[in-house]
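In UniProt numbering, the protein residues as written are 1 to 965.
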């Protein structure tokens, strides 16, 4: 009979009573030959029968007593035929069916076919009755497969006895000859027993999984599976889909083990050596690692089916050392890009850029609209999930643009299926059907062309490049427009191709149009001039009107007339002042009104010009008529209406464009964050820089390696390939404190690299960068319509015709009323008749005055002007202060907000650390305040750490001087 000696460490014992308690309980377990507990050594030695009980089970029993027990080692004393020791101390057990079952606890795995079950009640009946029998560890019955899977203790009950018990319950039971396979899976990311139970319960329900046991401390799980129903890879994927990092751990055999040598720079002492050996040695697939401090290298033995030499080097590099692969026992080029999708957490998904190089002719590209993403973790989760979808070759997700670029095999999967799979992950997705979606476009200046053959040569050669969609070159303007796939090629390749033909190509810049777009200088000047002209003539017109109104109290109408028969001095002055305002100050309103009428629409400009033109033409008409008729009194006119109305409206337009100009300063400020140049780096196979050159930021292509020096702006969005630093992203994200960047970290274009050299790989370029999307967001917010504005615009469509109609009705109504009863028009009409006015003049003058009043009052129309101006100014002010308002509707709904919750205090603090207090907690004789401040000043003087920058030297010197005195 075989016996095993197990040594168990026991924590928590306080006296001999604990020792006797443990020895008594463990000694009473079946299969225990002897047990000895050492109080001082905090361990127990147990000799037991491995067929009956294992060391792991004994440790668990002691743990259940309230002590902390862990199996240290198990040694077989007697080898028996049919038993061999497993690496983890478990044994292979012969079950009664004559098969070998690899079970972590020594129990037997049995499957029994059950016929005659009709519903879940039968299932519960069998599980309830059989599960209570002695020796039955667990039982699970499948109604669909008509199979019961049991784990039994062969020393307490046999498989045949269990079959007989089920048969006696009225069902037809038969033992199944089952072939099971045990696999060991490394699991990273577990934090507590809740994770363990979650994995065991979820994966244990998957088809083909017979048993699963997860160990939190060892970060692995032992799974027994039916190879006919599932595979180890599928079990690994199930665990991986739950958010953990799962890898298959093969048996530690010498077969397939390879050796590589990694150069390691940056080690300073043996502590670094032990850190590397301890951390890397625990990684899945790493068999052994030996690090030499003197030679600055490490020798690693690894399993190539689990991990590659390149990944081992990257893992060491991620620890803060500079690691590069020197030699490997196999040709590394064969495995250069053969990383499984489960290594995506170790290296950037975009290091596998071959997916977007267009080498696979059968791959197609689609774009998905993805909503619900809030941070970079969402992006990583979606990319990780999508890469596991069969047929999906690669995916790139843009957070700010809320879209994803997917390259897939159309014979295996469809875009709708990919979208549905991502939606099931919790991010609603849909396929984007945009014309030209994902295409890049570039305009180039091309000099050196002389004839049409030059044009043909350029177009034909450029079209031969991979990823070029179209090429159009104009000889007369020496310009070329090219459309391309940014995932395959870019402007730099096109320029190099054209230059290689003997021509000179360069980017065509749109700086002039961009400047005009961002500022409203032209519009501001236009309306300012209009206002000044209207003001110069409008103020005197108002003074003339007030003066003659005051004079009418002392003089009659006849006495105030006339310069010429029918023409008074008042009308003459008002005519001279109103004419320049009407046709010079108001010419812009005429142009806008004419354009609106030509398109069969009516806007506020139409109302303004109707009111001023009718007033001016009517006044001019009645004065000319009075002069022709040689009247003794000059008629009442409305020459004062155009100057007064146009002064206020042109002032409103001027102020409106000033507000828009200030708003656009926010966009200009955002655009100024964009770097203008970048350093392009070419790397060799060992990731060493071969060459560097400075290029325009618009020539950056996806996958380019860029160098970012301390103090420089990061040119585009990307991932850090090498180097560590801090990045100031406050102008983009609002995060006041610098963000640490290391290999694998995402960086945002426009952020400022502070104190370290970074090498980044470009992932989002051009309009796909975060900064470009923020600018686009502000632009769309300023042009979007709020719900109240949509209502206002709808009303405004009927407003102008309605105003004109009401004004016309007012005119004719008062004319009719005047002819019926003139006293309703003017009760003092008799006095005016004595002054020389006729009855017709009195009625028409009053009717026109009322009609023009309707038009004039409606002209400013705050309903149509106030809302867009408020949205424009509100979003602009928000952008200037770092608050991005996503549209007019959120801005309108903001008044409903009762409270605001911030996710971090850095958003609402000053944004920079400051020194608030200095405290000394030692005696002055040991270290005085002056000495302390000197030490602090020397230590922080040349430091670039955020805390060091927040410690003003002037304050330190001030306190130092005051302390010295």
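The C-beta atom is built at its ideal place from N, Cα and C for all residues, glycine as well.
Pairing residue 487 with residue 498 gives a Cβ-Cβ distance that is not under 7 Å.
Burial state of residue 583 is exposed, judged by a 10 Å Cβ sphere holding fewer than 16 other Cβ atoms. Look at the segment 129-168 and you find these whole runs of alpha helix (DSSP H), each 4 residues long or longer: 159-168. Annotation for residue 481: 443, 472 place their beta carbon closer than 6 Å to its own, counting only its chain and skipping 5 residues before and after. Linking residue 525 to residue 589 through their CA atoms gives a straight-line distance of about 15 Å.
Straight-line measurement puts the Cα of residue 825 at about 7 Å from the Cα of residue 814. Our two residues, residue 756 and residue 709, have alpha carbons roughly 7 Å apart in a direct line. In the DSSP assignment, residue 317 falls within the unbroken alpha helix (DSSP H) covering 309-318. Under the 8 Å Cβ criterion, the segment 598-605 does not count as touching the segment 532-544, having fewer than three qualifying pairs.
Buried is the label assigned to residue 225, since at least 16 other Cβ atoms lie within 10 Å of its Cβ. In the three-state reduction of the DSSP assignment, residue 579 falls in the helix class. Relative to the Cα of residue 770, the nearest Cα in the group 402, 244, 306, 307 belongs to 402. Following the DSSP letters along the chain, one finds residue 554 in no alpha helix (DSSP H), marked with neither H nor E.
The continuous beta strand (DSSP E) containing residue 393 extends over residues 392-398. When secondary structure is reduced to three states using DSSP, residue 653 falls in the helix class. Note that the C-beta distance between residue 232 and residue 183 is below 7 Å. Annotation: the continuous beta strand (DSSP E) that includes residue 48 extends over 43-48. In the three-state DSSP reduction, residue 120 falls in the helix class (H, G or I). Restricting attention to 14, 855, 247, 61, the CA atom closest to the CA of residue 32 is found in 61.
Comparing C-alpha distances from residue 146 to each of 378, 120, 161 shows the shortest one belongs to 120.
The beta strand (DSSP E) runs lying completely inside the segment 444-532 and spanning 3 residues or more are 468-474, 479-484, 504-507, given in chain order.
Judged by DSSP in its simplified three-state form, residue 29 adopts coil rather than helix or strand. Residue 214 is not a Cβ neighbour of residue 238, given a cutoff of 7 Å. Counting along the chain, the unbroken beta strand (DSSP E) around residue 370 starts and ends at 364-370. Ranked by how close their Cα comes to the Cα of residue 743, the residues 737, 761, 752 have 761 in first place. Under the 10 Å beta carbon count, residue 192 is surrounded by fewer than 16 other beta carbons and is classified as exposed. Assigned with DSSP and collapsed to three states, residue 260 falls in strand.
In this structure, residue 561 places its C-beta atom within 7 Å of the C-beta atom of residue 634.
Taken atom to atom, the span from the alpha-carbon of residue 138 to that of residue 187 is near 24 Å. Taken through DSSP and simplified to helix, strand or coil, residue 776 comes out as helix. When DSSP states are grouped into helix, strand and coil, residue 71 belongs to the strand group. Our two residues, residue 930 and residue 923, have alpha carbons roughly 13 Å apart in a direct line.
Within the DSSP bridge table, the entry for residue 246 names 187 as partners. Per DSSP, residue 928 has no beta-bridge partner at all.
Counted as a single uninterrupted DSSP element, the stretch harbouring residue 921 is not any beta strand (DSSP E), since DSSP gives it neither H nor E. Taking the CA atoms as reference points, residue 617 sits about 60 Å from residue 484.
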